[in-house]
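In my numbering, the protein residues as written are 39 to 106. Glycine residues also receive a C-beta, built at the ideal position from the N, C-alpha and C atoms.
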Amino acid sequence: QPESLPSLYRVRPSDLVTLEQVQLQDDGVEGQLTTAHPKLQDGGRSLINFTRTLPAGGFHLYKQGSCP
């Protein structure tokens, strides 16, 4: 079974040019796969997203608060 690797990138907002690949460590969020489009909540101060653990580990919902 192939291993899924995270692929997070920092981009320049003005023209979406890729600046660098970002490696997150020990972020506490379970799962190997996540959606590309988290949803803003609380007037844009937090976001909700989910991850998926493979092969049968289920879904993990998480909320990040106080987003700038």
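- Distance from the CA of Pro-93 to the CA of Thr-73, rounded to the nearest whole angstrom, comes to 17 Å.
- Taken through DSSP and simplified to helix, strand or coil, Gly-103 comes out as coil.
- Assigned with DSSP and collapsed to three states, Gly-96 falls in strand.
- Its Cα nearest to that of Lys-101, the residue Ser-84 stands out among Thr-91, Ser-84, Gln-61, Arg-90.
- Excluding the 5 residues flanking it on each side, Leu-57 has same chain C-beta neighbours closer than 7 Å at Arg-48, Val-49, Arg-50, in chain order.
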